Amino acid sequence: MEEVLQFGGFLLMDYAAMVVYAKRAVRYSKSLLDAQKPENSAAFYGASLLFLWMVVFSGLPVIVIFLFLYSALLLYFLLFFGNGLPVALFASGTFMFHIADLYMLLFGIFSLNCDICSMKVFRGNYRYLVLVLLVILVSTICLEIFSRVIDQAAIQILIGNKRQLRFAATSLMFIDIYLLILSVVYDSSTYTGLILMFLVVTAVLLVGAFYTSFLHAVRMSVLERYESEFKDMESQLEQSNRSLGKLKDEAYTDVLTGAASRRYGLLKLDRMVQERKQFSVALIDLDGLKKVNDNLGHQEGDRYLVGVSHALSGFFGAKYVCRLGGDEFLAILPDKTEQEAAVLMEEACRNMEEAFRSQDMAFGPSVSYGIAQFDLLGAGSVSGLLELADRRMYEMKRKRHKMRQ
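Under this note's numbering, the first residue of the sequence shown is numbered -17, with each subsequent residue one higher.
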């Protein structure tokens, strides 16, 4: 009677432990995978009772029980989760490995300590229920440790990496097949100490093999994700640099004439002033632009601006000529004194006239300019330099106006 009560008590504990493990396993699976159907509590109770009956009362070989469990797990992940076959193989293989490996490990230890020599005698005894209870409890503990120690985000990255997922699932399948082959030993007529020690040692080694392949797949998946993200960031950075370069070009280039912009010219002057270099500037104003616009139209006025800009850029160099705005241009003359700059400007005007004649322009170019030398200002500034050049430019305009009168 006492033995019957022990058997019934352990049977109830096995059933309760199996329900708890099933619920935790499903909850953990749902936290990682995309569940397609809601949780059904009745399914846990029925499945747990069916599996417990198969393990304890059916008398089926262990390999058959494991094959049934593996098939049920695979079908469960295929039906209730929408992640595809590789994920189902990986998930079912992981659960199957822990259950089968722990069973083999604890079976070996239990049989050595209790002097069990036959599965037939073992299954008819309450001690077999103790073994089943230990397997379920240790499986539950391992599941909790696994969920807390292994980075769940890294597992999700592995699930999203098809190549590494196939590697992990294939490795698991080979390990599980090996465990299934070894399970034939459980049903042998007699056990020897050597066989049981072999099962214990093999179970420990298989844990190492499983986690080595599993962690390798996880690390490679994370590494590939980082490499992919780095390449994306690198591509975005290159795109940003190209966009920045384009914006910079637009900011430093005058849209109409193609000459350097006012911003570029002022920045260049600031840099040259800070470096205390000797240079001169020529502030150039187009004479008669309003007359061209009024008489011939703004299109011809634009041609006038473009023609002067191209002539000046061709003579002084594109990076030394900028349009300040309207009909004003600035020419920067490095290492030139005012006298040298004046000679160059006269030559530039002659070059401009020849360029306009070769293009059959309906009008000739006429510019007024003022020249200023930086080193004559001592500790001067860019604004002071341009102000001096501007005054001299208007002096030339006034003189020309008086001569025409």
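C-beta atoms are modelled at their ideal positions from N, C-alpha and C, and glycine is treated no differently.
Since the model is a prediction, treat every value here as computed from it, not as a measurement.
Extent of the continuous alpha helix (DSSP H) run through residue i
i, result
"Arg258", "Arg258 -> no alpha helix (DSSP H), and no H or E assigned at all."
"Tyr110", "108 to 131"
"Asp284", "280 to 298"
"Thr152", "144 to 164"
"Ala323", "320 to 340"
For residue i, the residue or residues it bridges with in DSSP
i, result
"Arg305", "Phe311"
"Ser350", "Asp267"
"Thr194", "None, per the DSSP bridge assignment."
"Thr403", "Nothing can be reported for residue 403, as the shown portion of the chain is limited to -17 through 387."
Residue from the options whose Cα sits closest to the Cα of residue i
i, options, result
"Gln138", "Ala371, Asn65, His383", "Asn65"
"Lys402", "Ala300, Ala354, Arg305, Gln341", "The requested residue 402 is not part of the displayed model; the chain covers only -17 to 387."
"Leu370", "His383, Lys384, Tyr351", "Tyr351"
"Val182", "Val167, Ser195, Thr194", "Val167"
"Met155", "Leu71, Tyr173, Leu164", "Leu71"
"Glu320", "Leu248, Ser262, Tyr246", "Ser262"
"Met254", "Met36, Tyr58, Ser340, Ile314", "Ile314"
"Glu388", "Gly289, Glu377, Phe(-11)", "No statement about residue 388 is possible, as the shown extent of the chain runs from -17 to 387 and does not include it."
"Ile141", "Lys259, Arg224, Phe63", "Phe63"
"Ser53", "Thr239, Val303, Leu162, Asp269", "Leu162"
"Phe77", "Phe59, Ile91, Phe89", "Phe59"
"Leu306", "Leu249, Phe(-11), Ser30", "Leu249"
"Arg9", "Ser129, Pro43, Leu94, Gly28", "Ser129"
"Lys5", "Gly(-9), Ala29, Phe(-8), Leu(-13)", "Ala29"
"His198", "Asn143, Pro316, Met385", "Asn143"
"Tyr193", "Ile177, Ser13, Val131, Leu226", "Val131"
"Arg373", "Phe297, Ile266, Ser363, Asn277", "Ile266"
"Glu206", "Met343, Lys273, Ala136, Tyr173", "Ala136"
Cβ pair residue i, residue j closer than 8 angstroms
i, j, result
"Ser11", "Ala73", "yes"
"Ala151", "Pro68", "yes"
"Leu449", "Ala185", "Here the chain has residues from -17 to 387 only, and residue 449 is not among them."
"Arg188", "Ile159", "In the sequence under discussion, the amino acid at residue 188 is Leu, which differs from the Arg named in the question. In this structure, Ile159 does not lie closer than 8 angstroms to Leu188 by Cβ."
"Ser195", "Gln146", "no"
"Met101", "Asp169", "yes"
"Ala242", "Lys301", "yes"
"Leu294", "Ala330", "yes"
"Leu115", "Ala7", "no"
"Asp269", "Leu287", "no"
"Leu178", "Ser93", "yes"
"Ser165", "Ile81", "no"
Under the three-state DSSP convention, the category residue i falls into
i, result
"Phe356", "helix"
"Ile98", "coil"
"Phe63", "strand"
"Thr184", "helix"
"Thr172", "coil"
"Ala241", "coil"
"Pro316", "strand"
Below-8 angstroms beta-carbon distance, residue i vs any chain B residue
i, result
"Ser295", "Absent from the structure: chain B. Only one protein chain is present."
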